[in-house]
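In terms of numbering that gives the first Met the number 0, the sequence shown opens at residue 0 and continues consecutively.
We put the CB at the ideal spot given by N, CA and C, even for glycine.
Step one of this worksheet: look at the structure below.
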Amino acid sequence: MRIAVALDKGQVSPHFGRCAEYALYDVENDRVVGKRVVPNPGHSPGFLPEFLAEQGVGFVIAGGMGPRAHEMFENRGISVITGITGDADEAVRSFLTGSLSQGRELCDHQGDRCADDHDM
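In structure tokens form, the structure reads like this:
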């Protein structure tokens with residue numbers, strides 16, 4: 000299995016599409032056996048779900064994501080959990096032990112603006 004985490008400076012990014020990069024974790028027998036970080040290739044509608052599907056991703060962890068992106072991942076058989084904060088490696092460890100749970104969505108996608116961007 001391959002897990003993708005939206006990443007900003009080692010932390011789970013609050014906005015899936017606008018993160019700096021993605022950490023791709025390869026997992027076998029509930030253990031991380033590899034990790035690589037790839038730059039975000041760009042935020043355009045529909046592109047990132049296809050890009051990560053081509054990378055073999057089966058699960059995505061992020062702070063927030065728009066409803067269209069959720070749907071696009073689901074249509075590709077990729078599971079998504081949002082509302083996650085903190086260290087990306089720790090989030091993956093929590094996922095593998097079954098203790099990672101859906102949090103409060105961190106982005107407000109009305110008008111396609113992340114909640115963190117409202118005061119900027």
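Review point. Does any C-beta atom of chain D lie closer than 8 angstroms to the C-beta of Ala90?
Key: The structure shown contains no chain D; it holds only a single protein chain.
Point to revise | Span of the alpha helix (DSSP H) around Ala52 | key: Along the sequence shown, read from residue 1 onward, the residue named residue 52 stands at position 53. Start and end: Phe46 to Glu53.
Point to revise | Alpha-carbon spacing of His117 relative to His14, whole angstroms | key: Along the sequence shown, read from residue 1 onward, the residue named residue 117 stands at position 118. Along the sequence shown, read from residue 1 onward, the residue named residue 14 stands at position 15. The predicted model places His117 with a pLDDT of 28, which falls under 50 and marks its position as unreliable, so this point remains unresolved.
Practice item. Take every Cβ of the segment 27 to 41, pair it with every Cβ of the segment 58 to 68, and state whether three or more of those distances are shorter than 8 angstroms. Key: no
Review point. So does the segment 21 to 37 actually touch the segment 71 to 86, counting three or more Cβ pairs closer than 8 angstroms?
Key: no
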